[in-house]
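**Q**
Numbering (our numbering), first residue to last: 132 to 389.
#1: Residues in its own chain within less than 7 Å of residue 377 by CB, not counting five upstream and five downstream?
#2: Go ahead and label residue 367 buried or exposed: buried means 16 or more other beta carbons lie within 10 angstroms of its beta carbon, across all protein chains shown.
#3: Quick check: residue 168 and residue 189, are their CB atoms within less than 8 Å of each other?
#4: Measuring CA to CA, which of 332, 303, 144, 286 is closest to residue 252?
#5: In this structure, how does DSSP classify residue 296 when only helix, strand and coil are distinguished?
#6: Just grab the DSSP bridge partners of residue 320 for me.
#7: Once you ignore the five residues that flank residue 194 on each side, which residues in its own chain have a CB closer than 6 Å to its CB?
#8: With a Cβ-Cβ cutoff of 8 Å, do residue 348 and residue 308 count as a contact?
#9: Leaving out the 5 sequence neighbours to the left and right, which residues in its chain are closer than 7 Å to residue 243 when beta-carbon positions are compared?
#10: Opposite residue 198 in the DSSP bridges: which residues?
#11: Can you tell which of 245, 172, 220, 201 has its C-alpha closest to the C-alpha of residue 186?
#12: So for residue 339, helix, strand or coil by DSSP?
#13: Within the chosen definition, does the segment 167-184 reach the segment 193-213 through at least 3 CB pairs nearer than 8 Å?
#14: Looking at the secondary structure, which residues open and close the beta strand (DSSP E) in which residue 247 lies?
#15: Can you give the Cα-Cα distance for residue 312 and residue 217, rounded to whole angstroms?
#16: Using 8 Å as the limit for Cβ to Cβ distance, is residue 347 near chain C?
#17: For the beta strand (DSSP E) containing residue 264, name the first residue and the last one.
#18: Look at the Cβ atom of residue 291, then the Cβ atom of residue 263, and state whether they are nearer than 8 Å.
#19: Please state if the CB of residue 379 and the CB of residue 315 are separated by a distance shorter than 8 Å.
#20: Excluding the 5 residues preceding and the 5 following residue 200 in the sequence, name in chain order all residues of the same chain whose CB lies nearer than 6 Å to its CB.
Structural data, given as structure tokens:
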């Protein structure tokens with residue numbers, strides 16, 4: 132993994148990107164930390180035109196490596212997703228969360244899988260890539276396999292790739308290294324998020340290197356599977372999220388990049 136492949140998802144700083152002025156200031160802070168790429172997420176489409184987002188990122192030397200787009204838009208209006216990604220100048224987006232999907236119900240989960248495959252085909256035909264971002268609920272099992280495995284097996288490898296999240300794979304009971312291997316050839320994006328435990332026996336999201344995940348074998352497995360972007364995410368931070376993002380970046384730079 133090269134330092135140029137390390138990105139962050141703007142969902143971590145979502146409270147600081149809700150106006151054009153705040154977005155500009157935040158992108159400068161991110162660039163000053165040392166990040167060279169961002170995944171756009173956590174801001175409504177009405178905050179700034181896509182072309183303006185792309186211009187601000189370019190001014191700060193930040194590549195837009197991917198986005199998260201609304202779940203409903205991806206499934207029901209993939210053509211709009213294509214239009215937005217073209218304006219942002221990025222190849223990848225991720226289906227962020229299976230809203231209104233019940234993995235215990237065969238009809239509900241099968242509908243999602245079919246819709247993902249169809250939406251992915253629309254993006255593929257436009258030269259773009261749809262990925263799937265997991266949480267812990269994708270590790271609900273039926274027929275002896277977690278939902279995430281069914282999604283992978285029942286969609287075309289050409290139409291749907293993946294953006295596994297290290298924290299949620301671990302929390303769901305999966306093995307992060309093995310999942311990176313299993314998704315070989317369909318793993319352009321990886322969310323880096325560390326796992327710890329707070330007093331009271333509940334999990335907590337940590338800055339990279341400050342929790343309990345062993346990232347060296349995770350990174351190695353992801354690289355072997357063709358990962359292009361390693362994206363830092365921390366849904367909740369103990370203080371200023373920019374401080375947490377700097378802690379993660381500094382740890383990665385000192386310990387994980389080659």
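Positions of the beta carbon are idealized from the N, C-alpha and C atoms, including for glycine.
**A** For this structure:
#1: 164
#2: exposed
#3: no
#4: 286
#5: strand
#6: 360
#7: 168
#8: yes
#9: 229, 232
#10: 171, 224
#11: 220
#12: coil
#13: yes
#14: Here residue 247 belongs to no beta strand (DSSP E); instead the alpha helix (DSSP H) covers 237-256.
#15: 30 Å
#16: As a matter of chain content, chain C is missing from the structure shown, which is built from one protein chain.
#17: 260-264
#18: yes
#19: no
#20: 212, 224
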